[in-house]
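K.L.:
Protein chains: 2
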Amino acid sequence: MKKINIGLLGLGQIGTGLYEILAAKKGLFACQLGVSFELKRIAEKYPERNKKVRPPKKIMTKDAFSVVRDPSIDVVVELIGGTTVARQLIKEALKNGKHVVTANKALLAEHGDEIFALAHRMKRWLCFEASVGGGIPCIKALREGLAANRIDSVHAIINGTTNYILTQMTAKGMSFAEALAGAQKQGYAEANPFLDVSGHDAAHKLAILARFAFGGKVKFKDIYCEGITEISSDDIAFAKEFGYTIKLLAIAKKSGSGMEARVQPTLLPNSHILASVNGSFNAILMRGDEVGDVLFYGRGAGPHPTASAVIADLVDIAKAGAEGPAEDRFMVRALGKTIPVKSIFSIQSRYYLRFNVIDRPSVLAGISKILGKHGISISDVMQRERSVGRVVPLILLTHATHEKDLRAAVREIDGLSCIKGKTQVIRIEEA
Amino acid sequence: MKKINIGLLGLGQIGTGLYEILAAKKGLFACQLGVSFELKRIAEKYPERNKKVRPPKKIMTKDAFSVVRDPSIDVVVELIGGTTVARQLIKEALKNGKHVVTANKALLAEHGDEIFALAHRMKRWLCFEASVGGGIPCIKALREGLAANRIDSVHAIINGTTNYILTQMTAKGMSFAEALAGAQKQGYAEANPFLDVSGHDAAHKLAILARFAFGGKVKFKDIYCEGITEISSDDIAFAKEFGYTIKLLAIAKKSGSGMEARVQPTLLPNSHILASVNGSFNAILMRGDEVGDVLFYGRGAGPHPTASAVIADLVDIAKAGAEGPAEDRFMVRALGKTIPVKSIFSIQSRYYLRFNVIDRPSVLAGISKILGKHGISISDVMQRERSVGRVVPLILLTHATHEKDLRAAVREIDGLSCIKGKTQVIRIEEA
Numbered sequence: 001m002k003k004i005n006i007g008l009l010g011l012g013q014i015g016t017g018l019y020e021i022l023a024a025k026k027g028l029f030a031c032q033l034g035v036s037f038e039l040k041r042i043a044e045k046y047p048e049r050n051k052k053v054r055p056p057k058k059i060m061t062k063d064a065f066s067v068v069r070d071p072s073i074d075v076v077v078e079l080i081g082g083t084t085v086a087r088q089l090i091k092e093a094l095k096n097g098k099h100v101v102t103a104n105k106a107l108l109a110e111h112g113d114e115i116f117a118l119a120h121r122m123k124r125w126l127c128f129e130a131s132v133g134g135g136i137p138c139i140k141a142l143r144e145g146l147a148a149n150r151i152d153s154v155h156a157i158i159n160g161t162t163n164y165i166l167t168q169m170t171a172k173g174m175s176f177a178e179a180l181a182g183a184q185k186q187g188y189a190e191a192n193p194f195l196d197v198s199g200h201d202a203a204h205k206l207a208i209l210a211r212f213a214f215g216g217k218v219k220f221k222d223i224y225c226e227g228i229t230e231i232s233s234d235d236i237a238f239a240k241e242f243g244y245t246i247k248l249l250a251i252a253k254k255s256g257s258g259m260e261a262r263v264q265p266t267l268l269p270n271s272h273i274l275a276s277v278n279g280s281f282n283a284i285l286m287r288g289d290e291v292g293d294v295l296f297y298g299r300g301a302g303p304h305p306t307a308s309a310v311i312a313d314l315v316d317i318a319k320a321g322a323e324g325p326a327e328d329r330f331m332v333r334a335l336g337k338t339i340p341v342k343s344i345f346s347i348q349s350r351y352y353l354r355f356n357v358i359d360r361p362s363v364l365a366g367i368s369k370i371l372g373k374h375g376i377s378i379s380d381v382m383q384r385e386r387s388v389g390r391v392v393p394l395i396l397l398t399h400a401t402h403e404k405d406l407r408a409a410v411r412e413i414d415g416l417s418c419i420k421g422k423t424q425v426i427r428i429e430e431a
Numbered sequence: 432m433k434k435i436n437i438g439l440l441g442l443g444q445i446g447t448g449l450y451e452i453l454a455a456k457k458g459l460f461a462c463q464l465g466v467s468f469e470l471k472r473i474a475e476k477y478p479e480r481n482k483k484v485r486p487p488k489k490i491m492t493k494d495a496f497s498v499v500r501d502p503s504i505d506v507v508v509e510l511i512g513g514t515t516v517a518r519q520l521i522k523e524a525l526k527n528g529k530h531v532v533t534a535n536k537a538l539l540a541e542h543g544d545e546i547f548a549l550a551h552r553m554k555r556w557l558c559f560e561a562s563v564g565g566g567i568p569c570i571k572a573l574r575e576g577l578a579a580n581r582i583d584s585v586h587a588i589i590n591g592t593t594n595y596i597l598t599q600m601t602a603k604g605m606s607f608a609e610a611l612a613g614a615q616k617q618g619y620a621e622a623n624p625f626l627d628v629s630g631h632d633a634a635h636k637l638a639i640l641a642r643f644a645f646g647g648k649v650k651f652k653d654i655y656c657e658g659i660t661e662i663s664s665d666d667i668a669f670a671k672e673f674g675y676t677i678k679l680l681a682i683a684k685k686s687g688s689g690m691e692a693r694v695q696p697t698l699l700p701n702s703h704i705l706a707s708v709n710g711s712f713n714a715i716l717m718r719g720d721e722v723g724d725v726l727f728y729g730r731g732a733g734p735h736p737t738a739s740a741v742i743a744d745l746v747d748i749a750k751a752g753a754e755g756p757a758e759d760r761f762m763v764r765a766l767g768k769t770i771p772v773k774s775i776f777s778i779q780s781r782y783y784l785r786f787n788v789i790d791r792p793s794v795l796a797g798i799s800k801i802l803g804k805h806g807i808s809i810s811d812v813m814q815r816e817r818s819v820g821r822v823v824p825l826i827l828l829t830h831a832t833h834e835k836d837l838r839a840a841v842r843e844i845d846g847l848s849c850i851k852g853k854t855q856v857i858r859i860e861e862a
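One line per chain: the protein sequences are A and B, in this order. Going by the working numbering, the first sequence opens with residue 1, and the numbers climb by one from there. Going by the working numbering, the second sequence opens with residue 432, and the numbers climb by one from there.
(1) Could you work out which residues of chain B lie near A:S153, taking near to mean beta carbons separated by less than 7 Å?
(2) Quick one: list the residues of chain A neighbouring B:E575, beta-carbon separation under 9 Å, in chain order.
(3) Within the same chain, show all residues whose beta-carbon is closer than 6 Å to that of A:M169, passing over the 5 residues directly before and after it, in chain order.
(4) I'd like to confirm the pairing. Which residues does DSSP put opposite B:A692 in its beta bridges?
(5) Compute the Euclidean distance between the alpha carbons of A:K105 and A:F116, then round it to the nearest angstrom.
(6) For A:T16 and A:V53, what's the separation of their Cα atoms in angstroms?
(7) Taking only three categories from DSSP, how would you classify B:D724?
(8) Run through chain A and tell me which residues come within less than 7 Å of B:Q599, C-beta to C-beta.
(9) Could one say the Cβ of B:I704 lies closer than 9 Å to chain A's Cβ atoms, at least one of them?
(10) What in chain A is Cβ-close to B:D724, meaning under 9 Å?
(11) Buried or exposed, going by whether 16 or more other CB atoms sit within 10 Å of the CB of B:Y477?
(12) State yes or no: is the beta carbon of B:R764 nearer than 9 Å to at least one beta carbon in chain A?
(13) So which residues on chain B does A:R329 lean against when the C-beta distance must stay under 7 Å?
(14) Three or more beta-carbon pairs under 8 Å between the region 520-533 of chain B and the region 489-502 of chain B, yes or no?
(15) Using the beta-carbon count (16 or more within 10 Å), is A:F29 buried or exposed?
(16) Taking a contact to mean a Cβ-Cβ separation below 9 Å, would you say A:L268 touches A:I376 in this structure?
(17) Any contact of the region 560-579 of chain B with the region 123-141 of chain A, i.e. 3+ C-beta pairs under 8 Å?
(18) Output the distance between the C-alpha atoms of A:T245 and A:L274, rounded to the nearest integer angstrom.
(19) Pull up the DSSP beta-bridge partners for A:Q424, would you.
(20) Determine, using beta-carbon pairs with one atom in the region 777-792 of chain B and one in the region 751-764 of chain B, whether at least three such pairs fall under 8 Å.
(21) For B:R821, count neighbouring Cβ atoms within 10 angstroms of its own Cβ and tell me buried if that reaches 16, exposed if not.
(22) Quick check on DSSP: helix, strand or coil for B:Y675?
(23) Please report how far the alpha carbon of B:I504 lies from the alpha carbon of B:V466, in whole angstroms.
(24) Counting only C-beta atoms, is A:K277 closer than 9 Å to chain B at any point?
(25) Check whether the Cβ atoms of B:A633 and B:N701 sit closer than 9 Å, and answer yes or no.
(26) According to DSSP, what are the bridge partners of A:M382?
(27) Does DSSP put B:L766 in a helix, in a strand, or in coil?
(28) By how many angstroms is the C-alpha of B:R581 removed from the C-alpha of B:D720?
(29) Considering only C-alpha positions, which residue in the set A:A171, A:K240, A:H155, A:K337 is nearest to A:A250?
(30) Within its chain, find whatever has a CB closer than 6 Å to the CB of A:G81; leave out the 5 residues flanking it on each side and keep chain order.
(31) Comparing alpha-carbon positions, which option in B:M813, B:G752, B:S777 lies nearest B:G674?
(32) CA-CA distance, B:H805 and B:E816?
(33) Within its chain, find whatever has a CB closer than 7 Å to the CB of A:S255; leave out the 5 residues flanking it on each side and keep chain order.
(34) Closer than 9 Å, CB to CB, is A:G302 near chain B or not?
(35) Starting from A:M60, follow its DSSP beta bridges and name the residues at the other end.
(36) Nearest by alpha-carbon distance to A:L166: which of A:L146, A:K205, A:A189, A:G258 is it?
So, in structure tokens, the structure goes:
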């Protein structure tokens, strides 16, 4: 029986989930996996806030650094989050020869170079399945299941809050504000929803996925990021009429010697498998050169799903043996050359454009003339409401074109006297 | 650099895919995985039939037994298929101390007890990712990614041929025969499609999934199996009107100390994620007690996707070390007590019933009276075509009821003078 002594940092929601599972399934893990997980130390600054579990007092401490330095600890599980103390703690843990399991996407996205390199130098396991897609074993798939493949692209719904909000807007015709309020009430969105609705959380996860999918360093700040705050229920309804669903996608595509990497609201054909991923579910679609499209779907958050991923990492560490990796090629690849991210201006895409126009005869002619001048051709037009002299929405879908040209054209069109208010621009992905 | 000497049995489609990838990516695997795969011997009875690859003559043989006995071979990859010679070859390989990788679902479903036990006794790896879901790493997920979970149920679309046929029938209103002919033309169905359309292929894969999901032996012959040959485009259209899609599902659910296990055409709500799995794609949905629903989606067949799974197994074997498992708990569990399969008569389900009735006033009353007598309550009724005195379809959906009662009721109803032809019965799954 392999015995793993665990030091847990953070007894918040996920920490509590982990505590519960390790307590409830101790016998099961021993019998079915041949592993005995011993929760030796728990660091938590505010233990009195936890109403769900009461670990023995003697294993609790408020001093997280004492845990990462404790010689009896084999693996440190970091569930504090954030990029300040957590960063110091993980570094200190690695330097003290501990393996580390973490769910901290912000830290790995913003300081991955430092953390992964240190783990590699110290020959320790640094496992992070829980950092992307909660309980979905997508990192393991990249690391092992798809080992025969070069990954060409990743399209992912990796923020449950925004997917829940968009699903509610789509199903019930709600506004963003209404759907956000509902999500907060249901516990799917935090009181301060910025990280989620701005797309930043998804961008953090995308930085990790792209790094390990393509093999190389990724500069987090180069990932272009648009959130869902400007999406209206009208956009969702118009998209539907064209056969599209709007989702917040994290997209990374190999492109020449670099890649495209962005988080954006996206029109997806209804028949696309990602268009059927609803509610707070996440899904990661990867395209491998041998396997084609593979998709991994499940709960991207929540204490028990996330703890499920943490435990999968712990099991892997236990099986690999306490001595650590002689050479972790997966990590070595991810520490390779920086993969340059193409500027958003140089990408190509199809676009959904919603102009707010004064309804008069020459409007469409004027707009299409400017689009044509910039080399942009229109694939679909829709103007439903007719109300001469009033402001009405005019929807155009374009064929594939350069973002740079699109932006220049929209800027010019927005200067026309018939255009009122901001023009909505949403990218379209076909496959 | 770890060097793995491979003996390949069968240079058919998948074998050729494997050969191509190993040749094309030799350098990549060496650099990115630190593994050198040497294709040392290839056994193929009819090498002249292969028009795609021409391996060096000196590594080719028609005598597969010479390969499994070759002392220089570390891992035997069995891609011959079938349950006769392949069975002997795998046993001989294991007895000769080889690890084995196989895509042979029929063999593992029908002779798993023998093969897995022998692998366990010989302390050899027996890997079979490619046997279920082609390139989708679902066995790895069961084995490792979901290790923290008890699996409660599996719902899977694991036969690409039938999913392609049903998708065509749904999208184009084709009959089964037309869609089958189209699938044969496209290469999605074999000349003799029995194994696929009867549900047997899916049942083979379900036997493997259930064994490793729940941990225990599974008697293949106890898995109830209905194919799609009796599904009409009318059924698909009627189901659609109620908001359902018809899919061939492989279902296994824990039930008391045993399980339900069956392959059946199924009405799934359109909002169900499996209802969006179209064309020849496969998807395996598993419900874990910690993680909730997780789904794995991708190409369930094809030379390169399947070879992708074979290589993932080879990489795992290479990483685990040539000495083999000291103790493979995943295998031990699967060699545990037989999990009894509940008789189909004792399950409960909701049902779609299509009666062919002579259109006269008292018909619905007569049918509902008999259903009521058997304790079956109706949730929905549809009778669109009215044509007094002629035979028209009458569709009923039931609430959950016992199969035994349902069958007794249908038998009784089929005896009514107003019923013409065979009544269609299709089970409904809600979540």
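Every residue, glycine too, gets a C-beta built ideally from N, C-alpha and C.
P.N.:
A quick look at the data gives this:
(1) None at all; the shortest Cβ gap to chain B is about 14 Å.
(2) P137, K140, E144, A312, V315, D316, K319
(3) A179, S233, I236
(4) B:A683
(5) 13 Å
(6) 7 Å
(7) strand
(8) Within chain A, no residue comes near B:Q599; the closest Cβ sits about 14 Å away, beyond 7 Å.
(9) yes
(10) F281, Y297, G298, R299
(11) exposed
(12) yes
(13) Q463, L464, G465
(14) yes
(15) buried
(16) no
(17) yes
(18) 9 Å
(19) A:R354
(20) no
(21) exposed
(22) strand
(23) 15 Å
(24) For the sequence presented, residue 277 of chain A should be read as Val rather than Lys. For A:V277, the answer is yes, since a Cβ of chain B falls inside 9 Å of its Cβ.
(25) no
(26) A:I395
(27) coil
(28) 6 Å
(29) A:H155
(30) N104
(31) B:M813
(32) 28 Å
(33) K342
(34) yes
(35) A:I42
(36) A:A189
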